[in-house]
Amino acid sequence: MATAEKSGEIAINMSETKASTKGKAPLLNSSKAFAVVEPPNRGAKRGIAIGDFFLRLCALGAALGAAISMGTADQLLPFTTQFLQFEAQYDDFDAFRYFVISLAMVTGYLLLSLPFSIVCIIRPLATAPRLFLVIFDSVS
Numbered sequence: 001m002a003t004a005e006k007s008g009e010i011a012i013n014m015s016e017t018k019a020s021t022k023g024k025a026p027l028l029n030s031s032k033a034f035a036v037v038e039p040p041n042r043g044a045k046r047g048i049a050i051g052d053f054f055l056r057l058c059a060l061g062a063a064l065g066a067a068i069s070m071g072t073a074d075q076l077l078p079f080t081t082q083f084l085q086f087e088a089q090y091d092d093f094d095a096f097r098y099f100v101i102s103l104a105m106v107t108g109y110l111l112l113s114l115p116f117s118i119v120c121i122i123r124p125l126a127t128a129p130r131l132f133l134v135i136f137d138s139v140s
């Protein structure tokens, strides 16, 4: 290292070593300066979004099927003899009524969340729809 004084300024000559360039990105050529660099995990996020959409469709079908089958259930339960029978419907018990109403709400939520899941497939790097889904999935 050598120092030189010129008109009140001090110049320090330093030679560049390998240790000083360690961790720095190499300089780009002017032809590559405008190249679009795609993040390496974009495909992985798209795959996760497709899996999320598929799971939402499966959950929608299961919740809708359970709500319909429970809401339209009408069974006769025999009690000791064939002449004395008890008819049971989902309205007879509060727990079954709650079950049907909650499944209907879950079905509605899953139906409304499908467009946000599609947005996550189309734009895998968008964080707002993914955050929306995570928050509302946690609430429901």
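In terms of UniProt numbering, the sequence shown opens at residue 1 and continues consecutively. For every residue, glycine included, the Cβ atom is placed at its ideal position computed from N, Cα and C. Just so it is clear, the structure is predicted and the values come from calculations on it, not from any experiment.
In chain order, 116, 119 and 120 place their CB closer than 6 Å to the CB of residue 129, counting only its own chain and leaving out the 5 sequence neighbours on each side. Linking residue 139 to residue 58 through their CA atoms gives a straight-line distance of about 20 Å. Just so you know, the alpha carbons of residue 54 and residue 95 end up roughly 30 Å apart. For residue 10 and residue 131, the gap between their C-alpha atoms comes out near 54 Å.
From the listed residues 110, 67 and 84, the smallest Cα separation to residue 103 is found for 67. In the three-state reduction of the DSSP assignment, residue 125 falls in the coil class.
Using a 10 angstroms sphere on the CB of residue 49, the tally of other CB atoms reaches 16 or more, which defines it as buried.
Taking 9 Å as the cut-off, the beta carbon of residue 52 is found closer than this to the beta carbon of residue 133.
For the pair residue 60 and residue 114, the CB atoms are nearer than the 9 Å cut-off. Rounded to the nearest whole angstrom, the CA to CA distance from residue 46 to residue 107 is 24 Å. Distance from the Cα of residue 70 is smallest, within the candidate group 56, 84, 43 and 98, for 98.
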